[in-house]
């Protein structure tokens, strides 16, 4: 349970920092890059839509940032 609390706290801290600092925050650019890659994948794959690809790409990049 402690790991879950730690991940939730880190996620909240990252989101808050990204919202306050914008592109100056170190997590913003990788998350935006992940969103762009996901959007391209969503546009190319017939089963996945563009918004879904964007959300999944951003979510995956964000997860990679907070899990370490």
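Numbering (the working numbering), first residue to last: 1 to 68. Using N, Cα and C, we set each Cβ at its ideal position, and we do this for glycine too.
- In the three-state reduction of the DSSP assignment, residue 45 falls in the coil class.
- Cα atoms of residue 62 and residue 46: separation of roughly 25 Å, rounded to the nearest angstrom.
- The beta carbon of residue 38 lies closer than 6 Å to those of 53, 54, 56 and 57 in the same chain, with the five residues before and after it left out.
- It is roughly 8 Å from the alpha-carbon of residue 41 to the alpha-carbon of residue 48.
- Taken through DSSP and simplified to helix, strand or coil, residue 65 comes out as helix.
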